Amino acid sequence: MRQLHDLPIRRKLALIDMATTAAAVLLACGILIFYEQFTFRKTMVHDLSITAQMIATNTASALSFDDALAAREILQALTAQPHIMAACVFTPGGRVFAEYQRRRTATPDWPAPKTAGATFDDASLRLFHPITLGGEVIGTLYVQSDLVEVSTRWRRYLVVGLAILAGAMLVSFLLGSRLQRMISGPVSLLSDAIAKVTAGQQTSTRVTKLGNDELGRLTDGFNHMLARIEARESDLRKAQAELERRVQERTRELSIQISERERTEEERDRFFTLSLDLFCIAEFDGTLRRTNPAFAIFGYDPARLEGLNYLDFVAPEDVEASRENLRKLADGEPILNRELRMSCADGVIRWFAWTAIAAPGEGIFFACGRDVTDQKRAETEREQLHRKLLETSRRAGMAEVATSVLHNVGNVLNSVNVSATVLDDKIRDSRIELVTELSALFQEHAHDLADFLTRDPRGREIPQFVQMLASHLAEVCSGVTRELESLRKNVDHIKEIVAMQQNYARVSGVIENVSVIDLVEDAVQMNAGGLQRHAIHLHRNFTARPRVSVDKHKVLQILVNIIRNAKYACTESGRPDRHVTIDVATTPQTIRIAVTDNGVGILPENRTRIFSHGFTTRQGGHGFGLHSGAIAAKELGGAIEVHSDGPGQGARFTLVLPYEPQDQPT
């Protein structure tokens, strides 16, 4: 098969033509021979059946009269047909009645009689035919014919077929040799052109197109490919010339860049040396490779620090954090503004903020440190000041709360004073002296009390007088009881107000699970006096009643401040319809407590300044209520949001607190 692949295409085409012709001729001859043999066999069976029918008809009377000699004579007539090898007549019992053999044998092998029919074996045709007389089967005729004529016809067909095959292949070869040039010619031209291009890189070579068939299109494609290759070679030569020019230019640029890089390195070294910040190059285990003069802040000669481990200068409290920083740098993660305490030669601990970036391929990192000791000290002082400010704000808030509480207590005490006056008036109007006079009159007539009550005109009026006095005293007693109940309620109210103020005046910082609604109501209660005094209507819109774990003192401080500011805003607006609305709602992660007023509103430029320390637009305001409230909200993990449509449009302050559903009681 490999040799066929290597043959020239002309020979391949010739072989293909001859093989195709041979296959077609063989197939046609095979079909024809098969059909002739099939037809000839049917003819043999038909002819032999006619002969058998004639013999059966002639032997019927001999068989019926049991005349075997007559039957044999009839069978001897088969000698006229040399292809019949043998014949015999069987009785109905299967006994051979008469027989005929072309070549006699001592013991012929006759088959058992069968039903009518013909069968072929390797060398003969066997046929059984019934012998009938008057419509009744009286025996069976067996006839056997040879296949000599079939073999003769096979040999004749084979010779004729081979002759046809040889002639067809010769014609195919002669025609194919001329016609294959239409295919092999263009292919040879393409092959020759490819050889020229391959041998001498002659891309200007072109192949002549001989037709518009597939080979013609292949020729066009090949010529187009050569044209593109030629164009690309031209472009390549131009590109090569351009590349050489650019290489020369790049060489000059690199020379300039090298000079600039050397100058940049000199400037970097100068910056490294003159910088007030600490610059160093170190390995991932902390070994210092290079340090700048700013490292003298540690009290050591910077030149002697190279080769030492910077962990030796880290305060013990931050050694583990420094090791973690080294591990992160080794993993390629930068360190940004990481603050560490470091020990100086005189034992003083100073704070440094370090920023470092790794160069993993070189096994080193670059670090920059800045002394932030003064900043840390300032942060500590600022934190202390912040705590003092919060405490001052809390105390100021509690002072306002106390003022509100005292005002509420004063209102209740006014009610207590009124109740006491009413009690005094009722007791004075109780006519107790009449009971005393009646008792003296009874003592005066103790010896004749019965006659006095029945006969004396004054005595007869005493029962009616006693009845009237009893009704009057009962009415007085009922009024006194009512006033005493009112007095008791007012005293309990004073106790509640004082207890609430004492509860929220305690030290804050304790996280408790409290009801948000209760906190809102307490903040409203602490501002109730001012709201009532200025005729401000309060509306509540509680769409949720959540509980939250929080420092309730800080939340109350914020809410008291916001409600108080809403009160001031409504008062300063001069509106007759003053109202404040408090909304409580929840989202999946927050609780939102909004206080909305219809007061003076907020200027747009003040919205970003309103939480600044000392900023206030209210006369007599101190300017740190909202500032401290915003700080407290941030410490609680929340925030205070503000919205206003402008002056005269009111404002809405919203306290947003973090909310987790698990804070709710199960």
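Mapping to the numbering used here: the sequence shown position 266 is 246, numbers consecutive.
Cβ coordinates follow ideal geometry from the N, Cα and C atoms, glycine included.
All figures in this text were calculated on a predicted structure; none of them were measured in a lab.
Worksheet item: Which residue spans inside the region 295 to 325 form an unbroken alpha helix (DSSP H) run of at least 4?
Response: 299 to 310
Worksheet item: If we ignore side chains and look at the alpha-carbon of each, how far apart do T59 and G97 end up?
Response: When rounded, the separation of the alpha-carbon atoms in T59 and G97 is 23 Å.
Discussion item. What residue range does the alpha helix (DSSP H) around N545 cover?
Written reply: K532 to S553
Worksheet item: Secondary structure at Q124, three-state DSSP: helix, strand or coil?
Response: strand
Item to complete: Taking V636 and R572 to be in contact with their CB atoms under 8 Å, please state how far apart those CB atoms are, rounded to whole angstroms.
Response: 6 Å
Discussion item. Using CA atoms only, rank isn't needed, just tell me which of K94, E229 and R544 is closest to Q512.
Written reply: R544
Practice prompt. Work out the CA separation of I620 and V299 for me, nearest whole Å.
Written response: 40 Å
Worksheet item: Under the rule that 16 or more other beta-carbon atoms within 10 Å means buried, what is K614, buried or exposed?
Response: exposed
Worksheet entry | Every unbroken beta strand (DSSP E) within the region 42 to 113, with a cutoff of 3 residues, ordered by chain | 64 to 70, 76 to 81, 97 to 100 and 104 to 113
Worksheet entry | Candidates A336, P340 and R321, of which the one nearest K651 by Cα | Examination of residue 651 is not possible in this model, given that the chain is present from -19 through 646 alone.
Item to complete: Taking 8 Å as the cut-off, decide whether the C-beta atoms of F113 and A50 are in contact.
Response: The sequence shown places Leu at residue 113, not Phe. Contact: no.
Practice prompt. Find out if the Cβ-Cβ distance for the pair G119, P72 is shorter than 8 Å.
Written response: yes
Worksheet item: Going by DSSP, which residues form a beta bridge with E116?
Response: L113
Worksheet item: Hey, which unbroken runs of the alpha helix (DSSP H) at 4 residues or more fall wholly within the region 205 to 256?
Response: none
Discussion item. So, with DSSP's three-state summary, where would you put E621?
Written reply: strand
Fill in: Sequence-distant residues of the same chain with beta carbon closer than 6 Å to R350, five excluded per side
Within the same chain, R350 has close Cβ partners D257 and A333.
Practice prompt. Would you be able to state if there are at least three C-beta pairs under 8 Å between the region 3 to 21 and the region 138 to 147?
Written response: yes
Practice prompt. From the DSSP output, read off the bridge partner residues of C348.
Written response: F259 and T335
Worksheet item: Which of helix, strand or coil does DSSP assign to P641?
Response: Helix at P641.
Practice prompt. Have a look at K218, I337 and R217 and flag the residue whose alpha-carbon is nearest the alpha-carbon of A262.
Written response: I337
Practice prompt. Please list, in chain order, all residues of the same chain as S104 whose beta carbon is under 8 Å from its beta carbon, the five residues on each side excluded.
Written response: M65, Q124, S125, D126 and L127
Worksheet item: CA-CA distance, L518 and R587?
Response: 25 Å
Worksheet item: Do you know how far the Cα of P526 is from the Cα of A574?
Response: 15 Å
Discussion item. Let's see if you can read the secondary structure: which residues bound the beta strand (DSSP E) around A574?
Written reply: T570 to D577
Discussion item. On the criterion of 16 or more Cβ atoms from any shown chain inside 10 Å, does R307 qualify as buried, or is it exposed?
Written reply: Exposed is the call here.
Worksheet item: Once you ignore the five residues that flank I277 on each side, which residues in its own chain have a CB closer than 8 Å to its CB?
Response: L258, C324, R330 and D351
Worksheet item: Taking N578 as the reference, which of Y548, I590 and S255 has the closest Cα?
Response: It is Y548 whose Cα lies nearest to the Cα of N578.
Discussion item. Please identify the residue among M506, I174 and L28 whose C-alpha is closest to the C-alpha of V540.
Written reply: M506
Practice prompt. Measure the beta-carbon distance from E492 to K532 and round it to whole angstroms, keeping in mind my assumption that it falls under 8 Å.
Written response: So it is a contact: roughly 6 Å between Cβ atoms.
Item to complete: Can you tell me the Cβ-Cβ gap for E250 and C260, rounded? I've got them flagged as a contact below 8 Å.
Response: What sits at residue 250 in the sequence shown is Arg, not Glu. Not quite, the Cβ-Cβ distance comes to about 17 Å (not below 8 Å), so this is no contact.
Worksheet item: For F70, does the count of other Cβ atoms within 10 angstroms reach 16, so buried, or fall short, so exposed?
Response: buried
Worksheet entry | Where the beta strand (DSSP E) through E585 begins and ends | Following the DSSP letters along the chain, one finds E585 in no beta strand (DSSP E), marked with neither H nor E.
Worksheet entry | Spatial neighbours of G279 in its chain, beta-carbon cut-off 7 Å, leaving aside the 5 residues before and after | The answer, listed in chain order, is C324, A325 and D326.
Worksheet item: What number of angstroms, rounded off, separates the C-alpha of T95 from the C-alpha of P110?
Response: The straight-line gap from Cα to Cα measures roughly 8 Å.
Worksheet entry | Close Cβ partners of Y290 (< 7 Å) along its chain, the five nearest in sequence each way excluded | A262, G266 and L268
Worksheet item: Going by the beta-carbon positions, is the gap between A32 and L107 smaller than 8 Å?
Response: yes
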